[in-house]
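Here is the structure we will look at, set down as structure tokens.
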Amino acid sequence: MIRDITLGQYYQTDSVIHRLDPRVKIAATFWFIVVLFIVNNVAGYLIAAVYLAGIIKISKVPFRFMMKGMKSIFVLLLITFVFNIFLTPGKVLLAWGVFHITMEGIILAIKMAVRLVFLIIGSSVMTLTTTPNNLTDGLEKLFQPLKLFRVPVHEVAMMMSIALRFIPILLEETDKIMKAQMARGADFESGNIIKRAVSLGALLEPLFISAFQRANDLAMAMEARCYRGGEGRTKMKPLIYKKADYKAYAVMTGYILISIVIGRILKINLPIGS
Amino acid sequence: MSMILDHITYEYGTGEALAVKALDDVSLSIEDGQFIGLVGHTGSGKSTLVQLLNGLLKPSAGTVFYNGKDINDHEYDRKALRGRVGLVFQYPEHQLFETTVFKDVCFGPKNLGLDQKDAELRAYEALKMTGLEDEYFYQSPFDLSGGQKRRVAIAGVLAMRPDVLVLDEPTAGLDPRGRDEILNLVSKLRRETGMTIILVSHSMDDVAEYVDKVIVLNKGKLIYYDIPEVVFSHAEELESMGLGVPQVTNIMKAMQKAGYPVRTNIITIEEACTEIMRIAGNKSHADHIS
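Residue numbers (this note's numbering), protein chains in the order written: chain G, 91 to 364; chain Y, 85 to 374.
Right under this line is the structure:
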């Protein structure tokens, strides 16, 4: 049950996308999201869909696996959708008491839903094809210039990689403790809210204790290996751009340009948008 | 016949690139009152198997019967089942959470719907059974030693008065003394209550001395299910699975190889002593060797 959350998880297989430099993937994801919010016609979204579908195909991550992660954000999506439909002013189509649905509301709701879905699938392609360690390495390198402004880039990256590293561990731990308490007759699935909140204590308390214990152990292990921050620290696998990375940058730039031209500057207005 | 696994297969990560069959077509039955050792190397499917027994996991294929009923049936009361089939997880001390040892042990019986008084009575009984001294009952479980915590956790399951007790590697991570304490507790439970016990372990030495029958799993497949003497006669096969035989059996084998006419189907230290004494009594032979 708890392992169904795929957001922020790595899917192990070997593909061109998996082997790309994490910096490329971070940049591509960033620009993909930016472009999503720049384009505002159907053609732009279609291009985004094709681009994304192509990348997913190359990444060899099963689409079904990616959709599993969507389940967890379904509620968020629904809320955004409903709010947009009801709260956008414009030409009223349907009115019922204080609620009224407008044409603009429907269009905006669909637009936002599409953006959100693409945004989440797009970023999960990044996390599914990049190990957490690789990802933080990439971030650290990308944000290196911020050091000039006294931003502790290395420390933040280290904290992130530790946090990411702990997600699967804590999920597994939660699963284990949950089962152990269920074996003692605990019931996490039925009963009213208060009853469930009380029974969650049996899960959260051991979980917190073990999390602190782990944090402690990790701090000790880092101390023992003389960790003292990023100063003068070298990497076992330094990030170096390869041929494929430059190609990926080219593809990305192409996508950005095409999307902006077709999705923004050229006004291909479909009847629904006019 | 109390527990039957009928052609059980369990698959993790179905539909993913890394789908793994943790159990592959396993069928076996466990009779009431037996003491069973379940052994296998890491990743052999031991932990998966025990979680299928009380319905925490649902098999991908096959049926689990408890007292003749399919436990994964819609109408089956799995919560009640968990009271009947008590499962003590690996490192069970991690599940402790209450402010006192006593309250923690009450958690199980209370979940079964017993009132405060009955729950406390059972908790007291269970703690007594594990041999934990009274002075610890009202302390925080986090202040206890590793072996003591583990006994509290076992008491937490015993307090539900299960008919079957399943212990998943109860001696993992304990020092030799803690290990002996737990194993003695298990054999005491067996003597005094006559409950069915399933002891999961990767150590043949833990298992050999106490159990009636041994289940050997390897890579999700059931390899042997027989009395210890028979299972341990397959020393080479066991070694190829990374398991081996009890140390005494190895010693007897080495002795035989060195020319002593000892039996090698020996699995406990007592038996080994008797056997060695027997051939030591045979003076003429001893002279011959020297």
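Positions of the beta carbon are idealized from the N, C-alpha and C atoms, including for glycine.
How far does the beta strand (DSSP E) with residue i in it reach, from first residue to last?
i	result
THR280(Y)	280 to 285
ASN302(Y)	297 to 302
VAL329(Y)	Unbroken run through VAL329(Y): none, as it is neither H nor E.
ASP310(Y)	305 to 310
VAL95(Y)	Note on residue identity: the sequence assigns Glu, not Val, to residue 95(Y). Counting along the chain, the beta strand (DSSP E) containing GLU95(Y) begins and ends at 87 to 96.
THR147(Y)	145 to 150
Considering only the alpha carbon of each residue, which of the options lies closest to residue i?
i	options	result
MET193(G)	GLY180(G), GLY281(G), ALA247(G) and ILE348(G)	GLY180(G)
ASN138(Y)	ALA314(G), LYS269(G) and ILE348(G)	LYS269(G)
LEU206(G)	THR217(G), VAL188(G) and THR170(G)	THR170(G)
ILE351(Y)	VAL104(Y), VAL148(Y), MET288(Y) and LYS305(Y)	MET288(Y)
ILE107(G)	ALA185(G), GLY344(G) and LYS337(G)	LYS337(G)
MET202(G)	PHE173(G), THR221(G), GLY212(G) and LEU229(G)	PHE173(G)
ILE200(G)	MET216(G), LEU167(G) and VAL188(G)	LEU167(G)
TYR96(Y)	LYS142(Y), ALA356(Y), THR358(Y) and GLY124(Y)	LYS142(Y)
SER300(G)	ILE259(G), ARG274(G), ILE252(G) and GLY322(G)	ILE259(G)
SER162(G)	ILE191(G), ILE210(G) and MET249(G)	ILE210(G)
GLY365(Y)	TYR344(Y), HIS318(Y), THR348(Y) and GLU354(Y)	TYR344(Y)
MET87(Y)	VAL248(Y), HIS125(Y), GLY215(Y) and GLY257(Y)	VAL248(Y)
TYR150(Y)	SER317(Y), LEU122(Y) and SER113(Y)	SER113(Y)
LYS297(Y)	GLY257(Y), GLY117(Y) and TYR220(Y)	GLY117(Y)
GLU115(Y)	GLU209(Y), PHE226(Y) and GLY278(Y)	GLY278(Y)
GLN174(Y)	VAL134(Y), ILE360(Y) and LYS303(Y)	VAL134(Y)
GLY320(G)	LYS231(G), PHE278(G), ILE196(G) and GLY344(G)	LYS231(G)
ASN302(Y)	CYS190(Y), ILE120(Y) and HIS125(Y)	HIS125(Y)
ASP238(Y)	THR183(Y), GLN179(Y), THR333(Y) and PRO260(Y)	Note on residue identity: the sequence assigns Ile, not Asp, to residue 238(Y). Among THR183(Y), GLN179(Y), THR333(Y) and PRO260(Y), the Cα nearest to that of ILE238(Y) belongs to GLN179(Y).
LEU211(Y)	ASN195(Y), VAL332(Y) and VAL236(Y)	VAL236(Y)
VAL204(G)	ILE145(G), MET160(G) and PRO296(G)	MET160(G)
ILE330(G)	ILE191(G), SER149(G) and GLY228(G)	GLY228(G)
PHE256(G)	LEU297(G), ALA273(G), ALA287(G) and ARG274(G)	LEU297(G)
SER111(Y)	LEU306(Y), LEU322(Y), VAL346(Y) and GLU320(Y)	LEU306(Y)
MET216(G)	MET312(G), LEU261(G), PHE122(G) and ALA253(G)	PHE122(G)
ASN224(G)	GLY212(G), VAL351(G) and ARG109(G)	ARG109(G)
THR130(Y)	ILE282(Y), ARG347(Y) and THR183(Y)	One point to set straight first is that residue 130(Y) is Lys, not Thr, in the sequence displayed. For LYS130(Y), the nearest C-alpha among the options comes from ILE282(Y).
PRO246(Y)	ASP218(Y), ARG206(Y), ASN268(Y) and SER285(Y)	ARG206(Y)
TYR100(G)	MET342(G), ASP307(G), ALA309(G) and LYS150(G)	LYS150(G)
GLY127(Y)	GLN340(Y), VAL284(Y) and PRO330(Y)	VAL284(Y)
PRO225(Y)	GLY257(Y), THR184(Y) and ARG162(Y)	THR184(Y)
CYS190(Y)	PHE221(Y), THR348(Y), LEU171(Y) and VAL346(Y)	PHE221(Y)
PRO260(Y)	GLU354(Y), GLY231(Y) and GLU313(Y)	GLY231(Y)
SER280(G)	PHE119(Y), THR93(Y), GLY146(Y) and ASN195(Y)	ASN195(Y)
ALA253(G)	ILE352(G), LEU308(G) and PHE189(G)	LEU308(G)
I need the boundaries of the alpha helix (DSSP H) containing residue i, first residue and last residue.
i	result
ALA368(G)	Since the displayed chain G opens at 91 and closes at 364, residue 368(G) lies outside it and no answer follows.
HIS108(G)	106 to 109
GLY187(G)	Careful: GLY187(G) lies outside any alpha helix (DSSP H) and carries neither H nor E.
TYR208(Y)	200 to 213
ILE346(G)	333 to 350
LYS325(G)	Careful: LYS325(G) lies outside any alpha helix (DSSP H) and carries neither H nor E.
ALA103(Y)	Here ALA103(Y) belongs to no alpha helix (DSSP H), and DSSP marks it neither H nor E.
ALA353(Y)	Looking at the sequence provided, one finds Ile at residue 353(Y) rather than Ala. Run containing ILE353(Y): 353 to 365, per the alpha helix (DSSP H) assignment.
LYS130(Y)	130 to 137
ASP227(Y)	Run containing ASP227(Y): none; DSSP gives neither H nor E here.
ASP289(Y)	288 to 292
For residue i, which beta-bridge partners are listed by DSSP?
i	result
VAL346(Y)	Paired residues: none, contrary to the question.
PHE119(Y)	ILE281(Y)
VAL236(Y)	Bridge partners of VAL236(Y): none, in fact.
LEU112(Y)	LEU89(Y)
ASP154(Y)	PHE149(Y)
LEU166(G)	Paired residues: none, contrary to the question.
LEU107(Y)	TYR94(Y)
For the segment 266 to 277 of chain G, which residues have a beta carbon sitting closer than 8 Å to at least one beta carbon of chain Y?
-> LYS266, ILE267, LYS269, ALA270, GLN271, MET272, ALA273, ARG274, GLY275, ALA276 and ASP277
Residues of the segment 274 to 306 of chain G whose Cβ lies closer than 8 Å to any Cβ of chain Y, in chain order | ARG274, GLY275, ALA276, ASP277, GLY291, ALA292, GLU295, PRO296, ILE299 and SER300
Quick one: which residues of the segment 235 to 254 of chain Y get their C-beta closer than 7 Å to a C-beta of chain G? List them in chain order.
-> GLY240, VAL241 and MET244
In chain order, each beta strand (DSSP E) run of at least 3 residues that lies wholly inside the segment 238 to 277 of chain Y = 248 to 252
Quick one: which unbroken alpha helix (DSSP H) runs of 4-plus residues sit fully inside the segment 203 to 279 of chain G? Chain order, please.
-> 222 to 232 and 243 to 273
Chain-ordered residues of the segment 165 to 178 of chain Y with a beta carbon less than 7 Å from chain G | ARG166, GLY167, LEU171, PHE173, PRO176 and HIS178
If contact means a Cβ-Cβ distance below 9 Å, which residues of the segment 267 to 301 of chain Y contact chain G?
-> Per Cβ criterion, the list is empty.
Write down every uninterrupted run of the alpha helix (DSSP H) in the segment 118 to 163 of chain G whose length is 4 residues or greater and which is fully enclosed by it, in chain order.
-> Counting only runs of 4 or more, we get 132 to 149 and 153 to 161.
Taking only runs of the beta strand (DSSP E) that begin and end inside the segment 158 to 185 of chain Y, which ones reach a length of at least 3 residues, in chain order?
-> Scanning the segment 158 to 185 of chain Y from its first residue to its last, the whole beta strand (DSSP E) runs of 3-plus residues come out as 169 to 172.
When you check each C-beta in the segment 182 to 200 of chain Y against every C-beta of chain G, which residues fall closer than 7 Å?
-> PHE191, GLY192, ASN195 and LEU196
Just by C-beta distance, which residues in the segment 131 to 152 of chain Y are closer than 8 Å to chain G?
-> GLN135, ASN138 and LEU140
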